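Data first, discussion second: the structure below is written as structure tokens.
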Amino acid sequence: MLVVELDRISKAYDQKIAVHNLSLKIEPGTMFGLLGPNGAGKTSSIRMMIGVTLPDSGAVTLFGTPFTRKALARVGYLPEERGLYKKMKVVDQLVFFGQLHGLDAATANTRGRQWAERLQIAEALDKKTEELSKGMQQKIQFIATLLHDPDLIIMDEPFSGLDPVNAILLQDTLIELKSKGKAILFSTHRMDQVEKLCDAISLVNRGTVVLSGTMREVKSRYERNRVVIEFEGDDSFLKHEAVAECKQYAGRAELKLKDGADAQALLREAAAKARIYKFELVEPSLEDIFIQTVGGKADA
Amino acid sequence: MHEALLVAKREYLERIRSKAFLFMTIAFPLLISLMFGGSFLAAKLGGGAKHVAIASNDAAFAQSVAAELEQSKKGEGAKAGDKVEVVAPATAADRTKLNSEVDGKALDGYLWIETADGATPDASYVSRSSTDLFMASNLQDAVNRALTRRQLVKRGASPAEIEGLLKTVDVKSVQLKEGKLVKSDSMKSFLGAYVMIFLLYFTVVFYGMNVARSVVEEKTSRIFEVLLSTCRPESLMAGKLLGVGAAGLTQLGIWFAAALALTGSSLGAALGKDGLAAFGITGTQLAFFVVYFLLGFLFYSALAAGFGASVSTEQEIQQFSMIIVMPLLVGLILMTYILANPTALPVVLLSLFPPCTPVVMYLRISSQMPPWWQLALSVVLMVAFIWAALWVASKIYRVGILMYGKRATLPEMVRWMRYS
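For the protein sequence lines, the chains are S and F, in the order given.
-9 is the number of the first residue of the first sequence in this note's numbering; add one for each residue after it.
418 is the number of the first residue of the second sequence in this note's numbering; add one for each residue after it.
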């Protein structure tokens, strides 16, 4: 059973088309990366997924049934723009959010304390939000998202503003939740995190999906056309006809090959001219793919 | 409904527990007692003892006026230190001297009277302040009584006859209330109505604006983003109105309970045995007060919620609050007229116009109970207006709370209403 299925959803505000015929599927027990430049339609898509706004057309299916608000009890959403009541005690806030998600006050309180223990923030529970640092607030918000043990966890830029230690703490938490069968949707433009964590991605640009699939599929769709060479001696092989671009450093060069070029021919040429320590055909990073697909033109 | 109640509970507790609530609960009655008690006291004390001179070319008449003034001292507003000096027969040189004395603050003022046989005397009061109405009206009375006395003496009336003719009668006001004659003190009743209407106006505006402010706060802190993933915007708005309204009622409840307790205590007995009733405030009136507070609050806070959702900063709310309270202010400004003419057609119409209803209808109730059908009609009309306000506000609200940046224009808001 799919956790999320968006079927050709569209949304327009005034003259601006925010999302156009966007489709995606998220499996249970996976992390899904929703990528795209700013203003691509990521947040608009998420809002339609959880019924904050209704799509102009298309269908949203959660947990195998067409969207109803009842399904929201199984969804946890951490928005990019965080919000907590400034003057309210942290533990009261966690209980309030837990109750909104259908927990009773006692359960919400117990779970809130357990999570706070685990994320090493228990001392903050009896303070007011305004007394906490940004990073601490973020952890509290993270807990509020997970308190009701949701089966679908939606995280919009979850690690922004966190120091590396805390980022890893939250990251490990998410990995553990995934292993328990939860589906996690990541919305971000931090490609390195996505590459490390996500099983599947959709790359969105100007409101439509321009690239999607499992990480393997996506990467294999791109040729291994980058070469890293470490060498000593004659560097004239760098002018070989297969080479499209070349960045040369001391004893090292990073090359981009022409489409359809034969890397093996280049290797033979290089070996004939110089002493080769390393010759590696590198698969493109997600960042390369992102830039290549979106065309480097950020849609402001 | 469950979520709306949760939101309401949170809003309510947050307000009840806030320092601002405690402060208001204590400070507002103090403010009111300062305002009204203060002016009451000031009227009693006046501006300190007055020292005035009566100057005239006719010594006998000047003495007579001074005597009348002394006589009236026994009445209200007079103080032990008051001094009346007679300068007669006065000359132009005296006048110059009096002028310099007033200028030098040795005198508060002087009354200059010129009499000629057969003609009405010409009198003028010279003082530093042009607004000493109390003194001016006392002098006027004294001069007229002295004049009448002189005329009566001329016609041969005996001193006993003169005293009898000049005797003044105090008119007591009695009100017919629910079929019973009630001795009322129109000044105290006016004061009572004034305090209540001020309270009504203030609480409706304060709690209405409170709604707008908290919508903007949740918008700027981006809490809506989280809340909307579980709550319908309608529940959020309903919860907010419920919670804030309940906080307002709680505050009013505390004030009324305190007022009742106070009037029942020895302090109350010292102030007047009848307590609230002495100020013309009955249980019926209190009940209507609560009804019109709730209706007014719901109407204005619905507008405020819609408006709050369409702006992004607190400053914009300030400007808006000035405009939105206009209909309520109309009632306050016309208060004296409404209290005096509770059944005049314009007043009746105004009291049935929902934005004005809470203040104007309550004023009518404190003056004279309106016919039941007008009360019923006003409630029905208000409920209809509240329903419409809620409908429009909720449409604007559900789109507006996710829009940041510049304030929405009217056409934009109309478009928002079509989104949902």
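Using N, Cα and C, we set each Cβ at its ideal position, and we do this for glycine too.
A quick note: this is a predicted structure, and the numbers were derived from the prediction, not measured.
C-beta contact flag for residue i and residue j at 8 Å
i        : j        : result
A806(F)  : F716(F)  : yes
I133(S)  : G102(S)  : yes
L745(F)  : V622(F)  : yes
L(-4)(S) : G48(S)   : yes
G660(F)  : A425(F)  : yes
E642(F)  : G73(S)   : yes
Y814(F)  : A722(F)  : yes
K467(F)  : D499(F)  : yes
E259(S)  : F280(S)  : no
L256(S)  : H230(S)  : yes
L52(S)   : V(-6)(S) : yes
V218(S)  : E244(S)  : yes
L68(S)   : V194(S)  : no
R630(F)  : E731(F)  : yes
S768(F)  : S811(F)  : no
D189(S)  : T20(S)   : yes
P364(F)  : G713(F)  : What is shown of chain F runs 418 to 837, which leaves residue 364(F) out entirely.
L12(S)   : T198(S)  : yes
Buried or exposed (CB count within 10 angstroms, at least 16 for buried), residue i
i        : result
V831(F)  : exposed
T58(S)   : exposed
G250(S)  : exposed
S192(S)  : buried
F440(F)  : exposed
K690(F)  : With a pLDDT of 46 at K690(F), under the threshold of 50, the predicted position of this residue should be treated as unreliable, though the coordinate-derived value follows. With fewer than 16 Cβ atoms within 10 Å of its Cβ, K690(F) is classed as exposed.
P274(S)  : buried
L528(F)  : buried
R(-2)(S) : exposed
R566(F)  : buried
W789(F)  : exposed
E270(S)  : exposed
Y239(S)  : exposed
M452(F)  : exposed
M743(F)  : exposed
P45(S)   : buried
N561(F)  : exposed
Boundaries of the alpha helix (DSSP H) in which residue i is found, first to last residue
i       : result
S727(F) : G700 to S727
V545(F) : Looking at the sequence shown, residue 545(F) is not Val but Arg. Here R545(F) belongs to no alpha helix (DSSP H), and DSSP marks it neither H nor E.
A470(F) : No alpha helix (DSSP H) contains A470(F), which is instead part of the beta strand (DSSP E) from H468 to S473.
D224(S) : Segment: none, D224(S) is in no alpha helix (DSSP H) and carries neither H nor E.
R291(S) : Chain S is shown only over -9 to 290; residue 291(S) falls outside these bounds and no answer can be derived.
F440(F) : K436 to I449
L515(F) : A509 to D520
N28(S)  : Unbroken run through N28(S): none, as it is neither H nor E.
E580(F) : P576 to L583
E277(S) : L276 to V284
F737(F) : E731 to I741
Contact set between residue i and chain F, taken where Cβ atoms lie within less than 8 Å
i       : result
V65(S)  : S646
K77(S)  : E431 and S435
L62(S)  : S646 and T647
F176(S) : By Cβ distance, chain F contributes nothing, its closest Cβ being about 16 Å from F176(S), past 8 Å.
P69(S)  : R639, E642, V643 and S646
Beta-carbon neighbours of residue i, restricted to chain S and to distances below 8 Å
i       : result
E420(F) : L90
I640(F) : G73, L74 and Y75
Listed by chain order, chain F residues near residue i by CB distance under 7 Å
i      : result
I40(S) : S646
F53(S) : Chain F residues near F53(S): none, gap ~16 Å exceeds 7 Å.
Limits of the beta strand (DSSP E) - the one that residue i falls within
i       : result
A234(S) : V233 to Y239
D146(S) : L142 to D146
F132(S) : Run containing F132(S): none in the beta strand (DSSP E); it sits in the alpha helix (DSSP H), K124 to L136.
D249(S) : Neither: D249(S) is in no beta strand (DSSP E) and is coded neither H nor E.
K168(S) : From DSSP, K168(S) is part of no beta strand (DSSP E) but of the alpha helix (DSSP H) over P154 to S169.
E502(F) : K500 to V504
Beta-carbon neighbours of residue i, restricted to chain F and to distances below 9 Å
i        : result
E(-5)(S) : None at all; the shortest Cβ gap to chain F is about 19 Å.
beta-carbon residue i near the ligand ADP non-hydrogen atom, thresh 7 Å
i       : result
F607(F) : Annotation note on the ligand ADP: not contained in the displayed structure, which lists no ligands.
Any C-beta of chain A under 8 Å from that of residue i
i      : result
F86(S) : Going by chain labels, chain A is absent from the structure shown, which instead holds the protein chains S and F.
Amino acids of chain S, ordered along the chain, whose beta-carbon sits closer than 9 Å to that of residue i
i       : result
L423(F) : F86, Q89 and L90
Chain-ordered neighbours of residue i on chain S, where CB pairs are closer than 7 Å
i       : result
R427(F) : F86
Next item on the list: Quick one: which unbroken alpha helix (DSSP H) runs of 4-plus residues sit fully inside the segment 747 to 802 of chain F? Chain order, please.
Entry: 752 to 757, 762 to 769 and 774 to 784
Next item on the list: Tell me the start and end of each unbroken alpha helix (DSSP H) in the segment 40 to 90 of chain S that is at least 4 residues and wholly inside, in chain order.
Entry: 80 to 90
Next item on the list: Jot down the residue ranges of each uninterrupted beta strand (DSSP E) in the segment 603 to 664 of chain F, minimum 3 residues, whole runs only, in chain order.
Entry: none
Note to self: Suppose only complete runs of 4+ residues qualify. What are the alpha helix (DSSP H) ranges in the segment 176 to 230 of chain S, listed by chain order?
What the structure shows: Qualifying alpha helix (DSSP H) stretches, in chain order: 181 to 187 and 205 to 210.
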